[in-house]
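Let me begin by presenting the structure, written as structure tokens, before commenting on it.
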Amino acid sequence: MVTFTARRSEPVLLQPARPTPRETKSLSDLDNQRTLRYYETVVGFFRSCRYGAVARPADPGKAIRVALAEALVYYYPVAGRLREEVDGGGRLVVDCTAEGVAFVEADADVRLEEFGEPLLPPYPCVGELLCDAGDTRAVVGKPLLLMQVTRLKCGGFVLGFHICHTIADGFGMAQLIMAIAELARGEAAPTILPVWRRDILTARRVGAGPVTHEPSSARSANEPVLNSRNDASANVADAMVTTPPDRMVVEYFLFGPRDVSTLRGKLPAHLAASTTAFELLTAIMWRCRTAALGYGPDQRVRLMITMNARGRWNAHTPLPLGYYGNAHVSPVAEAAADELVGGPLADTVELVRRTKRGMTRDRMRAMVEKVSRLREWPPSTMDRVYEVSDIKWTAANVLKFGWAELAGGGIPLAGDLTSKLGSDHTRCRNAFGEVSTVVSMLLPRVAMSRFKKEMAAWLNKDDEKSLTIISSL
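Start counting the sequence shown at 104; every next residue gets the next number (the numbering used here).
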């Protein structure tokens, strides 16, 4: 695997290209969750377009720097700082001070193809592609975005950044980067103009009826739990909580079309035909993870599915185009460990499907109200939770500079470890060029070995080593 050291410039505070409003902006109840007070880490690998629609700039780093400053005119709250409200019970607000975002230019003596073909996580030397964010759990009074552009020998580049999750979710982050790409290729303004409207996703507004004026968006977490019953062993320690980080390991599991077909073959025909790959993989991995962690038969295990509230399913709470705040709902399923692991796969798939497809206006309102009271989701007392996010389409076909195109990327093993407790489903291509899914998994080392054996059995593979793309903390 390739190793390198990036030659970095000193970080600069990049301010909006023109004067912006000086004001204080409130955040939504969903933005204000304490569990979102960290910097999400993202890397994107871009290859130079030989015959691009726009002439390639002499220096991609400087072109992106100019475009970012222009984008901050539209996304000016991102150039501000978070602070806690006085007598606000710990709630955060954004002071739009235009102090700027951190920006670093760098060079690396490697070519894009040296990161791997196909380009899949774990990415080598990923720390060299990111500027230093310090304590990723400290968000008050710091730049909300820290970006590094690393130029490669082949003419491509890597865009690595830390962004405060309080200010934006995955789609909001992609929307901001899309605006930078559009401005870098010469557009006069972003195609999608940002919308703040965080008031829409507050407990007093959700479910109050359709929005008829300025567009907006939503992120939400979900309270209802399915099949709930008394958990006699609720006080038994969860290994995912008690295991020190140095005894944890991250692996990436690659599922190509053949793997998905093998798993579909274990379902009744009617269910196999109507179940999405995400639902199927989530059900399998939840079962294998539960078995690997060795939960007691009567312990309750929970699945939390992060869903984008901008989706077509959300007809009951309209959200406007351009909203870039946190806009996800997270319905939760619950089952006894022995029932989950020992029952038919079809039952697990049906539970996942009901949870994912059962969102209603009342459930969404209940989630936002719960988050408003607790300002965290899941609650700290809610252990044995497996969180899953489908981010395959977050940046698909949008991050086009005209002179460069996205070759791959996602959320790397970097930055805040606690944000990696769940699994992210990311779109990629396998060695045969087939559209595939790569899924991350963080587990204690001993549990990971058991997990891989369970997965190998489901996929009819004799050697569990063939399941993963090698990675560890």
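A virtual CB, placed ideally from N, CA and C, is assigned to each residue, including glycine.
Residue j beta carbon less than 7 Å from that of residue i
{"i": "residue 157", "j": "residue 288", "result": "yes"}
{"i": "residue 218", "j": "residue 117", "result": "no"}
{"i": "residue 492", "j": "residue 527", "result": "yes"}
{"i": "residue 187", "j": "residue 195", "result": "yes"}
{"i": "residue 258", "j": "residue 151", "result": "yes"}
{"i": "residue 284", "j": "residue 503", "result": "yes"}
{"i": "residue 279", "j": "residue 178", "result": "yes"}
{"i": "residue 390", "j": "residue 443", "result": "yes"}
{"i": "residue 412", "j": "residue 430", "result": "yes"}
{"i": "residue 510", "j": "residue 148", "result": "yes"}
{"i": "residue 550", "j": "residue 394", "result": "no"}
{"i": "residue 132", "j": "residue 269", "result": "no"}
{"i": "residue 488", "j": "residue 405", "result": "yes"}
{"i": "residue 226", "j": "residue 515", "result": "yes"}
{"i": "residue 185", "j": "residue 197", "result": "yes"}
{"i": "residue 497", "j": "residue 274", "result": "yes"}
{"i": "residue 160", "j": "residue 128", "result": "no"}
{"i": "residue 562", "j": "residue 385", "result": "no"}
{"i": "residue 407", "j": "residue 490", "result": "yes"}
{"i": "residue 486", "j": "residue 344", "result": "yes"}
{"i": "residue 533", "j": "residue 359", "result": "yes"}
{"i": "residue 243", "j": "residue 267", "result": "no"}
{"i": "residue 222", "j": "residue 236", "result": "no"}
{"i": "residue 371", "j": "residue 449", "result": "yes"}
{"i": "residue 126", "j": "residue 199", "result": "yes"}
Residue i burial status per 10 Å Cβ neighbour count (16 or more: buried)
{"i": "residue 110", "result": "exposed"}
{"i": "residue 558", "result": "buried"}
{"i": "residue 529", "result": "buried"}
{"i": "residue 301", "result": "buried"}
{"i": "residue 459", "result": "buried"}
{"i": "residue 316", "result": "Because the pLDDT at residue 316 is just 33, under 50, the model does not fix this residue reliably, and the value given afterwards should be weighed accordingly. Exposed, since its Cβ has fewer than 16 Cβ neighbours within 10 Å."}
{"i": "residue 104", "result": "exposed"}
{"i": "residue 424", "result": "exposed"}
{"i": "residue 560", "result": "exposed"}
{"i": "residue 240", "result": "exposed"}
{"i": "residue 189", "result": "exposed"}
{"i": "residue 555", "result": "buried"}
{"i": "residue 121", "result": "exposed"}
{"i": "residue 286", "result": "buried"}
{"i": "residue 400", "result": "exposed"}
{"i": "residue 473", "result": "buried"}
{"i": "residue 463", "result": "exposed"}
{"i": "residue 321", "result": "With a pLDDT of only 27 at residue 321, under 50, the local geometry of the prediction cannot be trusted, and no value is derived from it."}
{"i": "residue 457", "result": "exposed"}
{"i": "residue 565", "result": "exposed"}
{"i": "residue 323", "result": "Because residue 323 sits at a pLDDT of 33, beneath the cut-off of 50, its placement in the model cannot be relied upon, and the following sentence gives the value as read from the coordinates. Residue 323 comes out buried."}
{"i": "residue 580", "result": "Outside the modelled stretch of the chain, which goes from 104 to 576, sits residue 580, for which no answer is possible."}
{"i": "residue 357", "result": "buried"}
{"i": "residue 153", "result": "exposed"}
{"i": "residue 296", "result": "exposed"}
{"i": "residue 348", "result": "exposed"}
Anticipated Cβ contact below 8 Å, residue i with residue j, distance rounded
{"i": "residue 175", "j": "residue 182", "result": "5 Å"}
{"i": "residue 208", "j": "residue 252", "result": "6 Å"}
{"i": "residue 355", "j": "residue 213", "result": "That pair is no contact at about 21 Å."}
{"i": "residue 224", "j": "residue 351", "result": "Actually they are not in contact, since the Cβ atoms of residue 224 and residue 351 sit about 16 Å apart, beyond 8 Å."}
{"i": "residue 428", "j": "residue 271", "result": "6 Å"}
{"i": "residue 382", "j": "residue 432", "result": "About 16 Å; that fails the 8 Å criterion."}
{"i": "residue 107", "j": "residue 220", "result": "With a Cβ gap of about 17 Å, residue 107 and residue 220 do not count as contacting."}
{"i": "residue 353", "j": "residue 545", "result": "5 Å"}
{"i": "residue 585", "j": "residue 114", "result": "For residue 585 there is no data in the structure shown, the boundaries of the chain being 104 and 576."}
{"i": "residue 461", "j": "residue 434", "result": "7 Å"}
{"i": "residue 119", "j": "residue 172", "result": "6 Å"}
Taking only runs that begin and end inside the stretch 152-199, name each unbroken alpha helix (DSSP H) of 4 or more residues, in chain order.
-> As far as the stretch 152-199 is concerned, its whole alpha helix (DSSP H) runs of at least 4 residues are 163-177.
Start-end ranges of the beta strand (DSSP E) lying completely within the stretch 204-256, minimum 3 residues | Within the stretch 204-256, the complete beta strand (DSSP E) runs of at least 3 residues are 204-211, 248-255.
Should the stretch 140-152 be called in touch with the stretch 431-445, which here means at least 3 C-beta pairs below 8 Å?
-> Output reads no: the stretch 431-445 does not touch the stretch 140-152.
Within the stretch 522-564, note down every full beta strand (DSSP E) run reaching 3 residues or more, in order along the chain.
-> The stretch 522-564 contains, as complete beta strand (DSSP E) runs of 3+ residues, the segments 526-532, 538-547 (chain order).
Where are the beta strand (DSSP E) runs, 3 residues long or more, that stay fully inside the stretch 433-499, in chain order?
-> With a minimum length of 3 residues, the continuous beta strand (DSSP E) runs that stay inside the stretch 433-499 are 435-439, 488-493.
Give a yes or no on contact between the stretch 370-384 and the stretch 529-539, applying the rule of three or more CB pairs nearer than 8 Å.
-> In short, these stretches do not touch, since the Cβ pair count stays below three.
Counting only runs that start and end within the stretch 367-415, where is the alpha helix (DSSP H) found for 4 or more residues in a row?
-> Runs found: 372-377, 380-396.
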